[in-house]
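Numbering-wise, the sequence shown is residues 1 to 915 according to full-length UniProt numbering.
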Amino acid sequence: MTTHVVVVESPAKAKTINKYLGPNYKVLASFGHVRDLPAKDGSVRPDEDFAMSWEVDSASAKRLNDIGAALKSSDELILATDPDREGEAISWHVLDLLKKKKLVGDKPVKRVVFNAITKKAVLDAMANPREIDAPLVDAYLARRALDYLVGFNLSPVLWRKLPGARSAGRVQSVALRLVCDRESEIERFVSEEYWSLVAELATPRGDTFEARLVAADGKRLQPRAITNGEDANRLKALLDGAAYRVESVEAKPVKRNPSPPFTTSTLQQAASSKLGFSASRTMQVAQKLYEGIDLGGETVGLITYMRTDGVQMAPEAIDAARAAIGDQFGARYVPEKPRLYSTKAKNAQEAHEAIRPTDFSRTPDSIRRFLDPDQIKLYDLIWKRGIASQMAAADIERTTVEITASKGGETAGLRAVGSVIRFDGFIAAYTDQKEDGEQADEGEDGGRLPEINRDEKLDKRAVNATQHFTEPPPRYSEASLIKKMEELGIGRPSTYAATLATLRDRDYVTIDKRKLIPQAKGRLVTAFLGSFFHRYVEYDFTAALEEKLDRISAGDLDWKDVLRDFWRDFFAQIEDTKELRVTNVLDALNEELAPLVFPKREDGGDPRQCQVCGTGKLSLKLGKYGAFVGCSNYPECNFTRQLSSEGGADAEAQALAEPQALGKDPLTGEEITLRSGRFGPYVQRGDGKEAKRASLPKGWTPETIDHEKAVALLSLPRDIGAHPETSKMISAGIGRYGPFLLHDGKYANLETVEDVFSIGLNRAVTVIADKASKGPAARGGAAQTALKQLGDHPDGGAITVRDGRYGPYVNWGKVNATLPKGKDPQSVTLEEALPLLAERAAKGGIKTPAKAKSTKAAKTTKTASAKAKTAAGEDGEAPAKPTRAKPAAAKKTKSAASAAKTPTARSKAAKAEKD
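Structure, rendered in structure tokens:
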């Protein structure tokens, strides 16, 4: 019996397709990409004509073994991955690996693509196979190499020159710039006053309507032409005493055409505005609708492929849509000719259909019971948009009434506008929804005006003068940012959702009420890149690079020529940053981020003058935890201030920009003040370098701090009494890891901050005894076992995650690095652990394990778990802090000694030459 092995991406798709093809076919899933570039040095090697090293993780290796085993007993290999650049790349990877295992031999290999998972689409694809599209694979390789080279070379520059920054990426950084540029626009915006005047008028028949003032003083009024209350009141007085007459009535028919079917970006935008879905949630739900839903025993793909920038539907789909329109809405709703659309997006290149239902007769109501709430909402959106795109235009009558108001020798002009739908056309598909993008014109109330005749007189019922203020441009939402990226030609349909997710994960932006708000960290990164890597965050440059990738996929450009042109200039720019000093960086950031760093003072004073010492100049400072604002007179003046999330100092820090007096210390007589520093609010007794300070513990806010609490905090640690058995003092305090007891050099945790101030001797002895009874393992001693094995360090030796008395930490030899607050120890990766260990070793001067001998100058660990899933559009950025992919020129200058440096040395910006 002839058998065929079919490879697809997902198991859900494999299950559905297997039913369509029958017993002679074995359909297996690759689970996305089967290999990727390792997150380490040398994965892309410019000095070897951009040779690329690929790595297969253990899970993918097992799936490939399953595919290979099935292929041994089959007659043919059919690669049926998704019909886009990533799908082509997955097929290429699978075939290349199978050939290297010598499992293909002389068996025929076919590439098939289908835009929908329906029986007809799959069988048609099987009947029309082709070969793997080499130019499409080349475009994938070029994109992957570009993203790798940018991420793994630009990110280390950020780590060296801008502590606290996490990564940069080719598309990610440009998207972040869009968000930050909009924030700068908002900060620079100056609101302007304007007034609108609206008269409520009545016809001789008693019907009322509203008309807006559009002309006065013998001239037409431009929008927002009335700029002060004095002019508004003068015109209102004119209208209050005026006689009104209808000058003209014009009824004009207007046709409104439907929008094209959804593309990836327009679907994400509509799902955001109508359903409140994030871009990633939209794609998750769409993926399930595409792969197939069980409709009472039959699994069917409900929509076509959802990663596309095409707006056209296949001819057979158009015919099906027209037939469904006639059946469900009537013949009048079917236009004379099919509607054809062309994309307006810059650099649109995917030769796919738009997103549409696979069967227009499958209405949302007919399958509602088979879908979960999110699935039916999204399917309903896609079905309505798809069928409306082939429906007749809506016939709308727009009526414009021009009115003259006269008082003495003065006149003014008013206008009333109304629209009436004479034939709803495609609007019928939306029922109670407005079509995406359909909005009333300015001044249009959208409803029918009463009967109004030319030359008839009108009665005035009321005149309202309303004050307004211009508003700054709105912050981007996920939907509007995607729309802007598409307009500029930045990124591709498969990358939008993942790019936005990366910005959130890096804490570069947050989302509040569906608006993207750049965080201080994100604005610092954008300002740095804009100052020193301006070309690579330019919108036109990024779009031009996307266009070159499209030309590669069309076979018009050689992919390595594109890489050579890019790398030559990019590498030179990277090398130039080695000459940068911190003062150069700070000067540029101070100027670029002035509204953020130095917000205007209410008293009108110099925003850069220190309000504590009065003589120092405020400036950005860079510390290991990121950037903050500090005084130039440090250490004599220790004023510091955190940066805010939204344009200016944090509200709390702003309130504490000047120390707030709380009273005098009862013992020393020194002034106690409440202040704000780079690590948050704190209380201080006295002034100068020797002043006693205490941070506010968790749960305490500046608003709740009074003199009594401040004195108590500054008195810590508090002696409780001598232990009855050892006669050694027991004290209570608050440390980095919370409230504690200390006795004979050993610590015991307390449950609450309040216990520090209230616990007595008897209970303290009991807590200490309980702690001791748990044994050394509970105290983080040598008997402790690892919670998780992360793998080997690049310099040799295992890295583990452990749990100590101060919380979870990562361990490498004698180096212990505490995990960030709130970090789940089970979610820690090797890439996250390496910089933590390097920083801890550098801080504590800890001797690190000897590096294993190696003939390679830049040996690094394998990190299969850090695969950058380009299929999900991850922008190829570097992970949190891996070692850097270095060009040959840099390698040649590196000595053997530097190759053997510890992670301590490699973590220091000045000594390491490393998204």
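Ideal Cβ positions, reconstructed from N, Cα and C, are used throughout, including at glycine.
Nothing here was measured: the structure is a model prediction, and the numbers come from that model.
For the alpha helix (DSSP H) containing residue i, list its first residue and its last residue.
| i | result |
| --- | --- |
| residue 151 | 134-161 |
| residue 320 | 315-328 |
| residue 561 | 559-576 |
| residue 585 | 582-592 |
| residue 381 | 373-388 |
| residue 718 | Run containing residue 718: none in the alpha helix (DSSP H); it sits in the beta strand (DSSP E), 718-722. |
| residue 709 | 707-714 |
Per DSSP, what are the beta-bridge partners of residue i in this structure?
| i | result |
| --- | --- |
| residue 468 | 194 |
| residue 819 | DSSP output for residue 819 lists no bridge partner at all. |
| residue 749 | 740 |
| residue 395 | 255, 423 |
| residue 631 | 618 |
| residue 675 | 682 |
| residue 518 | 509 |
| residue 357 | 303 |
Quick one: what does DSSP say residue i is sitting in, helix, strand or coil?
| i | result |
| --- | --- |
| residue 766 | helix |
| residue 121 | helix |
| residue 73 | coil |
| residue 55 | strand |
| residue 92 | helix |
| residue 9 | coil |
| residue 240 | helix |
| residue 50 | coil |
| residue 412 | strand |
| residue 812 | strand |
| residue 969 | Summary: the structure shown does not reach residue 969, with the chain confined to residues 1 through 915, and so no result is reported for it. |
| residue 552 | helix |
| residue 273 | helix |
| residue 840 | helix |
| residue 279 | helix |
| residue 200 | strand |
| residue 600 | coil |
| residue 312 | coil |
| residue 825 | helix |
| residue 34 | coil |
For the beta strand (DSSP E) that contains residue i, what are its first and last residues?
| i | result |
| --- | --- |
| residue 964 | Since the first residue of the chain shown is 1 and the last is 915, residue 964 is not available in this structure. |
| residue 692 | 692-695 |
| residue 25 | 25-29 |
| residue 210 | 208-216 |
| residue 801 | 798-804 |
| residue 111 | 109-111 |
Using 10 angstroms around the beta-carbon of residue i, count the other beta-carbons present and answer buried if the total reaches 16, otherwise exposed.
| i | result |
| --- | --- |
| residue 509 | buried |
| residue 826 | exposed |
| residue 546 | buried |
| residue 483 | buried |
| residue 606 | exposed |
| residue 93 | buried |
| residue 541 | exposed |
| residue 811 | buried |
| residue 161 | buried |
| residue 589 | buried |
| residue 361 | exposed |
| residue 668 | exposed |
| residue 469 | exposed |
| residue 874 | The predicted model places residue 874 with a pLDDT of 40, which falls under 50 and marks its position as unreliable; any figure quoted below should be read in that light. So residue 874 ends up on the buried side. |
| residue 814 | exposed |
Handout entry: Sufficient close CB pairs (3 or more, under 8 angstroms) joining the segment 445-465 to the segment 225-239
Key = Below 8 angstroms, enough C-beta pairs join the segment 445-465 and the segment 225-239 to call them touching: three or more.
Exercise for the section: Could you tell me whether the segment 618-635 touches the segment 589-609, where touching means 3 or more Cβ pairs closer than 8 angstroms? Expected result: Output reads yes: the segment 589-609 touches the segment 618-635.
Practice task
Give a yes or no on contact between the segment 501-508 and the segment 171-180, applying the rule of three or more CB pairs nearer than 8 angstroms.
Solution key: Because the criterion of three Cβ pairs below 8 angstroms is met, the segment 501-508 and the segment 171-180 touch.
Practice task
Would you be able to state if there are at least three C-beta pairs under 8 angstroms between the segment 721-733 and the segment 687-706?
Solution key: No, because fewer than three Cβ pairs between the segment 687-706 and the segment 721-733 fall closer than 8 angstroms, the two stretches do not touch.
Handout entry: Cβ pair count under 8 angstroms reaching 3, the segment 550-567 against the segment 131-139
Key = The answer is yes - the segment 131-139 touches the segment 550-567, with three or more Cβ pairs under 8 angstroms.
Handout entry: Cβ contact check for the segment 450-457 and the segment 383-398: 3 or more pairs under 8 angstroms
Key = Contact fails: fewer than three Cβ-Cβ distances are below 8 angstroms.
Practice task
Take every Cβ of the segment 93-108, pair it with every Cβ of the segment 287-307, and state whether three or more of those distances are shorter than 8 angstroms.
Solution key: Verdict: no, contact absent.
Problem - Meets three-Cβ-pair contact criterion under 8 angstroms: the segment 370-388 and the segment 267-278 - result: Cβ pair count under 8 angstroms is three or more, so yes.
Problem - Validate contact between the segment 144-161 and the segment 510-522 using beta carbons, cut 8 angstroms, 3 pairs - result: No, because fewer than three Cβ pairs between the segment 144-161 and the segment 510-522 fall closer than 8 angstroms, the two stretches do not touch.
Problem - the segment 327-335 touching the segment 49-57, judged by at least three CB pairs closer than 8 angstroms - result: Result no; under three Cβ-Cβ pairs closer than 8 angstroms.
Practice task
Pair every Cβ in the segment 473-490 with every Cβ in the segment 191-198, then say whether three or more of these pairs are closer than 8 angstroms.
Solution key: Here the segment 473-490 does not lie against the segment 191-198, with fewer than 3 beta-carbon pairs under 8 angstroms apart.
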